[in-house]
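Novice:
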Amino acid sequence: MGQTLNRAAQWTSVSDGGEGKLEFSPANEAILNDIIKFIESFPSKHPKEARIVFKNPFIWKTSLQLSAFSVNMIRDKDGNDTPLLTLQKLGELSFKLHVSNMVFLSEVMKLSGDKKMLEARAILEANRDPLVNILGDGYATVDGEDNSTIRLLEQSAKEEGDTKDEMQTKLALLLIIQQFDMQLMNQTLKKITQEVRLTPQQANHEVKLLQSYSGEDKHNALESIQYTSDYEFDNGCRAPPWRQIHGDICYLLIKPHDGDQLSVTANTAGVYLNKGFATEGAELDYERLGDVCKDLVSLLSSKSSHFQEVISSKEFQLYEERKVEIQNYDEEFEEEEVGEKAIMEKKEAKEQKQEKTTKNR
Numbered sequence: 001m002g003q004t005l006n007r008a009a010q011w012t013s014v015s016d017g018g019e020g021k022l023e024f025s026p027a028n029e030a031i032l033n034d035i036i037k038f039i040e041s042f043p044s045k046h047p048k049e050a051r052i053v054f055k056n057p058f059i060w061k062t063s064l065q066l067s068a069f070s071v072n073m074i075r076d077k078d079g080n081d082t083p084l085l086t087l088q089k090l091g092e093l094s095f096k097l098h099v100s101n102m103v104f105l106s107e108v109m110k111l112s113g114d115k116k117m118l119e120a121r122a123i124l125e126a127n128r129d130p131l132v133n134i135l136g137d138g139y140a141t142v143d144g145e146d147n148s149t150i151r152l153l154e155q156s157a158k159e160e161g162d163t164k165d166e167m168q169t170k171l172a173l174l175l176i177i178q179q180f181d182m183q184l185m186n187q188t189l190k191k192i193t194q195e196v197r198l199t200p201q202q203a204n205h206e207v208k209l210l211q212s213y214s215g216e217d218k219h220n221a222l223e224s225i226q227y228t229s230d231y232e233f234d235n236g237c238r239a240p241p242w243r244q245i246h247g248d249i250c251y252l253l254i255k256p257h258d259g260d261q262l263s264v265t266a267n268t269a270g271v272y273l274n275k276g277f278a279t280e281g282a283e284l285d286y287e288r289l290g291d292v293c294k295d296l297v298s299l300l301s302s303k304s305s306h307f308q309e310v311i312s313s314k315e316f317q318l319y320e321e322r323k324v325e326i327q328n329y330d331e332e333f334e335e336e337e338v339g340e341k342a343i344m345e346k347k348e349a350k351e352q353k354q355e356k357t358t359k360n361r
């Protein structure tokens, strides 16, 4: 999983010594879904490998509460009498979870229910190179040639008895994870190449364009479209910096002619509905609702039949063509003016030169 997280997953960048977060993008959601399925089914597919105790436990801040875990889960220990799952209390309703094998990691995923995506995201953001946790620092993800499998194979050949059996199980575990990682990375990279990333410039241009087609007259595509913030950062974003690390560009309030006001997020991954403002003056609830669309036109077409009808109408297309014609005419007219002016200037200069020559004679 380390190769996929390192090379294919989309991370936000954070300054001042912070760590990036996984972006809320379709590609990342696909990665998380595949990893969740892999972890959940691992003990049933590979029971022997699932019992291998990790070199270092996976540690992360969990969304689960103490009541979610059975007494037996918390009491289960490894050969050194160390618990395989422990909960560390951080606050009244906040816990940090320590998990030391795939059996319990799988159980945590199942216990998470409809919060699986949130839990998987927290696990991977806190443990960005899973093989380091599972087998140790010598198995860290590297660029270029990876000799970790050969080293484990050589180590296994030198051992005997129970130790040899354990080393062979670890080797099998390594190969299973590496194979899954490579398949997931190739699959993800293929999806990413088909994705179009939204930039602040593109988002702002589309908003400006749609604002020109907005108004109370129902011939317009929208009644209104406006930003929730007037302040624009140097990078073109209007989202606060702590939301920009999640890929957010800006937030919009859009009123169609045939429906309620929509609260929309423009993100580098696309545009989508958010939960909006509960009351006037309240904080914006950034949680996503529904699917991610490639642009505002796609989103609004799916939410407003009037918008879809207007932008698909012949009148709208003729209006668009007319605007292009006017723009082209203006550009050509400017070019002609510049051309005529240059000719006149050249003619005047020639006449002045001839007049000067005549006087000198």
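Just so you know, UniProt numbering puts 104 at position 104 of the sequence shown, and the rest follows in order with no gaps.
For every residue, glycine included, the Cβ atom is placed at its ideal position computed from N, Cα and C.
Because the structure is a prediction, the values reported are computed rather than measured.
(1) Under a Cβ-count criterion, where at least 16 other Cβ atoms within 10 Å of its own Cβ denotes burial, should His205 be classed as buried or exposed?
(2) Do you know offhand how far Leu135's Cα is from Pro43's?
(3) Checking 8 Å against the spacing of the C-beta atoms, do Ile176 and Glu49 come in under that value?
(4) Pull up the CB-CB distance for Leu289 and Leu273, whole angstroms please, since I reckon it's below 8 Å.
(5) Applying the criterion that 16 or more other CB atoms from any shown protein chain within 10 Å of the CB defines a buried residue, is Lys208 buried or exposed?
(6) Between Asn6, Asn267, Lys275, Val142, which has its C-alpha nearest Gln261's C-alpha?
(7) Just mark Pro200 as buried or exposed, buried being the case when its beta carbon has 16 or more other beta carbons within 10 Å.
(8) Measuring alpha carbon to alpha carbon, tell me which residue in His98, Lys191, Asp137, Leu300 is nearest Glu29.
(9) How big is the Cα-Cα spacing for Leu296 and Pro47?
(10) Would you say the stretch 24-39 touches the stretch 4-14, given that touching needs at least three Cβ pairs under 8 Å?
(11) Short of 6 Å in beta carbon distance, which residues of its chain neighbour Asp330, apart from the five on each side in sequence? Order them along the chain.
(12) If distances are taken between C-alpha atoms only, which option among Glu166, Lys55, Ser112 comes closest to Asp129?
(13) Take Trp11 and list the residues in its own chain whose beta-carbon comes closer than 8 Å to its own, dropping the five residues that flank it on each side.
(14) Determine the direct distance from the alpha carbon of Ser302 to that of His257, and round the result to whole angstroms.
(15) If you follow the alpha helix (DSSP H) that Arg243 is in, where does it begin and where does it stop?
(16) How big is the Cα-Cα spacing for Ser224 and Glu119?
Specialist: Concretely, from the data shown:
(1) The residue you call residue 205 lines up with position 205 of the sequence shown. With fewer than 16 Cβ atoms within 10 Å of its Cβ, His205 is classed as exposed.
(2) Here residue 135 corresponds to residue number 135 of the sequence shown, with the count starting at 1. Here residue 43 corresponds to residue number 43 of the sequence shown, with the count starting at 1. Roughly 17 Å separates the two Cα atoms.
(3) Here residue 176 refers to the residue found at position 176 when the sequence shown is read from its first residue. Here residue 49 refers to the residue found at position 49 when the sequence shown is read from its first residue. Yes, Cβ-Cβ distance for Ile176 and Glu49 is below 8 Å.
(4) As a first step, residue 289 is located in the sequence shown; it is residue number 289 there, counting from the start. As a first step, residue 273 is located in the sequence shown; it is residue number 273 there, counting from the start. Contact flag correct, Cβ pair sits at about 4 Å.
(5) In the sequence shown, the residue the question calls residue 208 occupies position 208. Lys208 should be labelled exposed.
(6) As a position in the sequence shown, residue 261 is number 261, starting the count at 1. Closest by alpha carbon: Lys275.
(7) Taking the first residue of the sequence shown as position 1, residue 200 is located at position 200. Buried, because 16 or more other Cβ atoms sit within 10 Å of the Cβ of Pro200.
(8) Against the sequence shown, residue 29 aligns to sequence position 29. If we check each option's Cα against that of Glu29, Lys191 comes out closest.
(9) By one-based count along the sequence shown, residue 296 stands at place 296. By one-based count along the sequence shown, residue 47 stands at place 47. If you take the alpha carbons of Leu296 and Pro47, they lie about 48 Å apart.
(10) yes
(11) Counted from its first residue, the sequence shown places residue 330 at position 330. In this prediction, Asp330 has a pLDDT of 49, which is less than 50 and means its spatial position is unreliable; what the coordinates show is noted afterwards. Hits under 6 Å: none found.
(12) Working through the sequence shown from its first residue, we reach residue 129 at position 129. Of the listed residues, the one whose Cα sits closest to Asp129 is Lys55.
(13) On the sequence shown, residue 11 is found 11 positions in, with the first residue counted as 1. The residues are Gly20, Lys21, Leu22, Glu23.
(14) As a working note, residue 257 is residue 257 in the sequence shown. As a working note, residue 302 is residue 302 in the sequence shown. Between His257 and Ser302, the C-alpha separation is close to 14 Å.
(15) Residue 243 sits at position 243 when you count from the first residue of the sequence shown. 241-244 is the extent of the alpha helix (DSSP H) around Arg243.
(16) Counted from its first residue, the sequence shown places residue 224 at position 224. Counted from its first residue, the sequence shown places residue 119 at position 119. Computed Cα separation, rounded: 38 Å.
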